[in-house]
Amino acid sequence: MVKFRWETEFKKTPIGEIPKDWIETQIKDIGRVVTGKTPPTKKKEFWKNDYPFITPSDIEDYDVRYFYRVERFVSKSWVEKNPQLLVPPNSICFVCIGSTIGKICLTKEPSTTNQQINTVIPYKNKFDPLFVFYLLRGHQFRIKEEYGGGGAAKDIISKSKFESVIIPIPPTKEEQRRIATVLSWFDDLIENKRKQNEILEKTAMAIFKSWFIDFGPFQDEEFIYSEELDMEIPKGWEVKPIGEVADIISGFSYKSSEKLDNPDPDSYVFITLKNTIEGGGFNPEYSWIRSERLKKRHFLRESDLILPITEQTKDARLLGSPGIVVFPPEYSKSEGVYSMDIAKVELTMEEYKYYLYFNFKFNREQVATFHSGTSILHFKIRNFKENYYLLIPPKPILKKFHSLVEPLFQKIILNEKEIMLLKKVRDTLLPQLVFGRLRVVEI
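Convert by adding 1448 to the 1-based position in the sequence shown; the result is the number in my numbering.
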């Protein structure tokens, strides 16, 4: 059974009040700090699939332990040439350059990073690596504000400055482990639910691919050639422009004064571009909107299908990436509002929803071609509705597919809400624990 107690005896320090028996220490005394380095891009021998090469954009969140996905790997020859750059598992990567200072993760395996990341390799005889992660997590915004400037693209926390950051720690490694254990219970649940969601979506995608890409269950049927799709399709299936099965409706053009960071009784949850994910999915980072100018067309419901229709990257990685809307767990209204950077896909038949979601995911690059502009890309909705052709299965097949995958997405939405609640409780506990206000006496 876990036992807590509130601390009552504190001492004043330059970084605020800490428990009397806690110690102020610098990051360099907690572990060895390694600043990463990028291999020359022209030297192909340094770029092979041997060791992950972690960059700030690979770290997908500010607050989850192992939540990163690398796009590049370096070779053994690069590590042999620079052995000091290889960091072991359970090292703490902390972004120290640019607008995302404070992004943090733990390494899953021996890895390298680029020069924007300082990595702490804890001295394990004195410090629990998982505790050090939570410790830096609890101080990440203080570090960013005091040492990193205002969050601009050119902000930098040098290695020497990062090493000199003062952080309070408990007097024993055993107490460090107790703190890390309590917080890990939440992250274990969060990570397990995220893995569940990955499996659930991959299962649904596998069914879609088997039925509508490979035509596995329909191989014994007669196939005919479709000029619009330039492929053989089962006889009796139709091909239509997407405008005949769905409307694509852009969202609310808001004023900055109408957008809120926190909700009030008259506001609605506001789904914006930051809720979309490259390649598809939904990012639960919410804004709020309060306006007298809202019309019926600006509203959406949970589980609605959306598409981003504005993008500032030249290679259009976001355009065409579908998402299924999830509302915050504490949100009591039945509708939310979506911004002009988003389009709602309004269906003529509910059974099209997940079929279109996976169709967009499989054909994202083709969907993204329906845009104009150079520095800022704008999705051409009318052109898309008239010229993006869909394979339309017979209704009984479409309804059967929907009945198989809808429960999977309902579970995904439920898991996402539970993840948000778990993060909220964990984030309430974390500062209390790493600042010593709440002590873990026993586990």
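Where is the CB? At the ideal position from N, CA and C, for every residue including glycine.
With a cutoff of 9 Å on beta-carbon distance, K1792 and I1696 are scored as near each other. Contact between L1838 and K1688 is confirmed by a C-beta separation of about 6 Å, below the 8 Å threshold. Under the DSSP assignment, K1641 falls in the alpha helix (DSSP H) whose first and last residues are 1621-1656. The three-state secondary structure of Q1474, taken from DSSP, is strand. CA-to-CA, the gap between N1640 and Y1514 works out to about 12 Å. Going by beta carbons, H1587 and V1613 fall inside the 9 Å limit. A check of alpha carbon separations from P1770 across N1723, S1739, K1744 identifies N1723 as the nearest. Y1779 is the residue among A1694, R1765, S1658, Y1779 whose C-alpha sits nearest the C-alpha of P1732.
Contact annotation: Y1571 and G1699 have beta-carbon atoms that are not nearer than 9 Å.
Using a Cβ distance threshold of 9 Å, F1827 and T1758 count as a contacting pair. Per DSSP, N1566 lies in no alpha helix (DSSP H) segment; the continuous beta strand (DSSP E) that holds it begins and ends at 1565-1570. Put simply, of V1481, I1867, R1765 the residue whose alpha carbon is nearest the alpha carbon of P1777 is I1867.
For H1826, the enclosing beta strand (DSSP E) has its first and last residue at 1825-1827. In the three-state reduction of the DSSP assignment, I1549 falls in the coil class. Counted as a single uninterrupted DSSP element, the beta strand (DSSP E) harbouring M1679 occupies residues 1679-1682. Pairing M1797 with I1661, the inter-Cα distance amounts to about 21 Å. Excluding sequence positions up to five before and after G1664, its CB lies within less than 8 Å of the CB of S1658, all in the same chain and listed in chain order.
Sequence-distant partners of G1546 (beyond 5 residues in either direction) whose C-beta falls short of 7 Å from its own C-beta, in its chain, are P1504, Q1564, A1601, D1603. Across the set D1469, L1533, T1483, the C-alpha of D1469 shows the shortest separation from the C-alpha of P1619. Checking the DSSP bridge columns, you'll see P1689 partnered with Y1837. For Y1499, the uninterrupted beta strand (DSSP E) segment begins and ends at 1499-1502.
Counting only residues of its own chain and dropping the five nearest sequence neighbours on each side, E1854 has a CB closer than 7 Å to the CB of Y1802.
In this chain, the alpha helix (DSSP H) harbouring E1528 covers 1524-1529. Note that the C-beta distance between V1717 and K1781 is below 9 Å. The Cβ atoms of V1543 and K1556 do not sit closer than 9 Å to each other. Straight through space, the alpha carbons of P1841 and T1876 are spaced by roughly 49 Å. Per DSSP, S1698 lies in no alpha helix (DSSP H) segment; the continuous beta strand (DSSP E) that holds it begins and ends at 1694-1698. If you keep only unbroken alpha helix (DSSP H) runs of at least 4 residues inside the segment 1749-1823, you get 1801-1810, 1812-1816. For I1615, the closest alpha carbon among the candidates L1766, P1467, I1845, G1784 is that of P1467. Around the C-beta of F1775, 16 or more other C-beta atoms lie within 10 Å, and the residue is accordingly described as buried. Between the alpha carbons of G1784 and I1829 lies a gap of roughly 22 Å. By the CB criterion at 9 Å, T1561 and G1484 fall inside the cutoff. As a beta-bridge residue in DSSP terms, V1717 pairs with W1736. Per the coordinates, the alpha-carbon of P1537 lies some 24 Å from the alpha-carbon of E1493.
I1824 is not a Cβ neighbour of Q1880, given a cutoff of 9 Å. Excluding sequence positions up to five before and after L1648, its CB lies within less than 7 Å of the CB of L1856, K1859, I1860, all in the same chain and listed in chain order.
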